[in-house]
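K.L.:
Per our numbering, residue -8 is the first one in the sequence shown, and the count goes up by one each step. A single structure is presented below for examination.
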Amino acid sequence: MYKKVSITIFMASAIVAILIVPWAALQRSYAQSDIANTILDIHNRERNAVGVPELKWSDSLAADAKKWADHLASLPPLPPDDGWTSLGGKPQLVHATGTGQGENIWAGGANYYSTGDMVQGWVSEKNGYQVAPFLWDRDKAHGHYTQMVWRTTTDVGCATATGNQGKFEFLVCRYSPPGNYEGQSPY
């Protein structure tokens, strides 16, 4: 009788393991596609508003963005200043160089913001933006928004990471071809 029970328990455990592992992978896959859909929806809504073609999702750009998001998450925080005191420091937001890609980066308190909230921060930069040839000194306050809607950019890929003992969440989006060229108009 004990042999039958242990075999039954073993078989039930094996079936549960077979079902759980693919389910966990499916959940991760769903979470990534949900991020991709949210990001594409917001970007393409803004691009449609200014009459430029929609972006496509790039898994390759997303993989590059993930590497940089993980890097940002590994950096120690800077001393706190206004708005970051409660988290014990300020996240380091450093742009990658030499990638040949455009890049938007964002950071905030972990588990406080949805993906949509993060991207909407960049969208809000369009308020007060005057469409003209891009000049970095004049338009740096709008650079995230202009990269989102840059007319020659065709692909985007993004990723998130959490760092500094779970205090901060980072979002990195990479764009190809990059935008924000001095002297050119975004749309």
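Ideal Cβ positions, reconstructed from N, Cα and C, are used throughout, including at glycine. All figures in this text were calculated on a predicted structure; none of them were measured in a lab.
Can you round the beta-carbon distance between residue 56 and residue 148 to whole angstroms, since I take them to be within the 8 angstroms contact cut?
P.N.:
Between residue 148 and residue 56 the Cβ distance is about 5 angstroms, and since that is below 8 angstroms, they are a contact.
K.L.:
Is the segment 32 to 44 touching the segment 138 to 146 in the sense that three or more CB pairs, one from each, lie closer than 8 angstroms?
P.N.:
yes
K.L.:
Could you name the residues that DSSP lists as bridge partners for residue 147?
P.N.:
48 and 166
K.L.:
When we look at the beta-carbon of residue 122 and count the other beta-carbons within 10 Å, is it buried (16 or more) or exposed?
P.N.:
exposed
K.L.:
Could you name the residues of the same chain whose beta carbon sits closer than 6 angstroms to that of residue 109, not counting the 5 residues immediately before and after it, in chain order?
P.N.:
97 and 162
K.L.:
Opposite residue 197 in the DSSP bridges: which residues?
P.N.:
What the structure shows of the chain is the stretch from -8 to 178, and residue 197 is not part of that stretch, so it cannot be assessed.
K.L.:
Skipping 5 residues on each side, what residues in its chain have a beta carbon closer than 7 angstroms to that of residue 136?
P.N.:
Excluding the 5 residues flanking it on each side, residue 136 has same chain C-beta neighbours closer than 7 angstroms at 113, 114, 116, 117 and 120, in chain order.
K.L.:
What does the alpha-carbon distance come out to for the pair residue 102 and residue 41?
P.N.:
One C-alpha to the other measures close to 32 angstroms.
K.L.:
Rank 133, 53 and 80 by C-alpha distance to the C-alpha of residue 71 and give the top, closest one.
P.N.:
Cα-wise, what sits closest to residue 71 is 80.
K.L.:
From the DSSP secondary-structure annotation, give me the bridge partner or partners of residue 100.
P.N.:
DSSP lists 159 as partners of residue 100.
K.L.:
Relative to the C-alpha of residue 89, which candidate in 82, 67 and 59 has its C-alpha closest?
P.N.:
59
K.L.:
According to DSSP, is residue 173 part of a helix, a strand, or is it coil?
P.N.:
Note: residue 173 maps to coil in three-state DSSP.
K.L.:
For my contact list, residue 144 and residue 172 are in at a C-beta cut-off of 8 angstroms; report their separation, rounded to the angstrom.
P.N.:
Rounded, the Cβ-Cβ distance is 11 angstroms, inconsistent with contact.
K.L.:
Per DSSP, which one or two residues make a beta bridge with residue 57?
P.N.:
According to DSSP, which records beta bridges pairwise, residue 57 is partnered with nothing at all.
K.L.:
State the beta-bridge partners of residue 116 as determined by DSSP.
P.N.:
Answer by DSSP bridge pairing: none, since residue 116 is not bridged.
K.L.:
What separation, rounded to the nearest whole angstrom, lies between the Cα atoms of residue 38 and residue 27?
P.N.:
16 angstroms
K.L.:
For residue 169, which residues from the same chain have a beta carbon less than 6 angstroms from its beta carbon, with the 5 sequence-adjacent residues on both sides left out?
P.N.:
92 and 93
K.L.:
Whole angstroms are fine: how far does the CA of residue 156 sit from the CA of residue 64?
P.N.:
9 angstroms
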